[in-house]
Amino acid sequence: MIKKDQKKSKRVFGTFNRPRISVFRSNKAIYVQLIDDFSGKTLASSSSREKVLTDKNKKKTKIELSNEVGKLLGKRAKMLKIQKVVFDKRKYLYHGRIKSLAEGIREIGLDF
Numbered sequence: 003m004i005k006k007d008q009k010k011s012k013r014v015f016g017t018f019n020r021p022r023i024s025v026f027r028s029n030k031a032i033y034v035q036l037i038d039d040f041s042g043k044t045l046a047s048s049s050s051r052e053k054v055l056t057d058k059n060k061k062k063t064k065i066e067l068s069n070e071v072g073k074l075l076g077k078r079a080k081m082l083k084i085q086k087v088v089f090d091k092r093k094y095l096y097h098g099r100i101k102s103l104a105e106g107i108r109e110i111g112l113d114f
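Just so we're aligned: 82 in our numbering is position 80 of the sequence shown, and the numbers increase by one with no gaps anywhere.
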């Protein structure tokens with residue numbers, strides 16, 4: 003049962019076997035989460051603000067950094083033995099940083 007204060011995606015729904023990849027993009031950073039909507043838990047997350055990415059990627063553009071964030075989330079999903087996901091780009095158009103993020107996730111081997 004969904005409570006009034008819970009915000010969930012109306013069209014895209016993730017399960018434990020096929021979690022939802024939720025994307026938030028700000029002007030400076032990009033944040034990604036693997037979410038199991040059935041239980042309401044975040045399985046893994048990644049962002050361009052993580053120390054692992056910011057130390058070695060000082061000179062990269064936002065698009066290149068988004069690709070690295072996608073690869074990092076893909077590796078974390080592989081550790082959880084997740085192969086298939088649902089991609090929820092929300093209101094963002096599929097180009098630029100969102101497209102680069104999706105390509106980084108696909109390079110690791112996740113299907114969506």
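Here a beta-carbon is modelled for each residue, glycine too, at the ideal position from N, C-alpha and C. As the structure is a prediction and not an experimental result, all values here were calculated from the model.
Residue nearest to Asn29 in terms of C-alpha spacing, selected from Gly111, Ile110, Ile100 and Phe114:
Indexing the sequence shown from 1 puts residue 29 at position 27. Among Gly111, Ile110, Ile100 and Phe114, the Cα nearest to that of Asn29 belongs to Ile100.
Please return the same chain residues whose Cβ sits closer than 6 Å to the Cβ of Gly131, not counting the five positions on each side in sequence.
Not covered by the structure: residue 131. The range shown for the chain is 3 to 114.
What number of angstroms, rounded off, separates the C-alpha of Phe18 from the C-alpha of Val34?
Here residue 18 refers to the residue found at position 16 of the sequence shown. Here residue 34 refers to the residue found at position 32 of the sequence shown. Their Cα atoms are separated by approximately 17 Å.
Quick one: is Val54 buried, meaning 16 or more other Cβ sit within 10 Å of its Cβ, or exposed?
Residue numbering aside, residue 54 sits at position 52 when the sequence shown is read from its first letter. When all chains shown are included, Val54 counts as exposed.
Looking at the secondary structure, which residues open and close the beta strand (DSSP E) in which Ser28 lies?
Locating residue 28 in the sequence shown gives position 26, where the first residue counts as 1. Where Ser28 is concerned, there is no enclosing beta strand (DSSP E), given that its DSSP letter is neither H nor E.
Best match in Val87, Gln85 and Ala104 for proximity to Ile32 [C-alpha to C-alpha]
Taking the sequence shown and counting its residues from 1, the one referred to as residue 32 is at position 30. The shortest Cα separation from Ile32 among Val87, Gln85 and Ala104 belongs to Ala104.
For Lys6, name the three-state secondary structure that DSSP assigns.
Locating residue 6 in the sequence shown gives position 4, where the first residue counts as 1. At Lys6, the pLDDT of 48 sits below 50, so the modelled position is not reliable and the matter cannot be decided from this model.
Presumed contact (8 Å Cβ cut-off) between Lys77 and Ile37, rounded CB distance
Reading the sequence shown from its first residue, position 75 is the one you call residue 77. Reading the sequence shown from its first residue, position 35 is the one you call residue 37. The pair is not a contact, with the Cβ atoms about 18 Å apart (cut-off 8 Å).
Residue ranges of each alpha helix (DSSP H) within the region 56 to 95, 4 or longer:
64 to 81
Which value, in whole angstroms, describes the spacing of the CA atoms of Lys58 and Gly16?
If you number the sequence shown from 1, residue 58 lands on position 56. If you number the sequence shown from 1, residue 16 lands on position 14. Near 32 Å, if we compare the C-alpha coordinates of Gly16 and Lys58.
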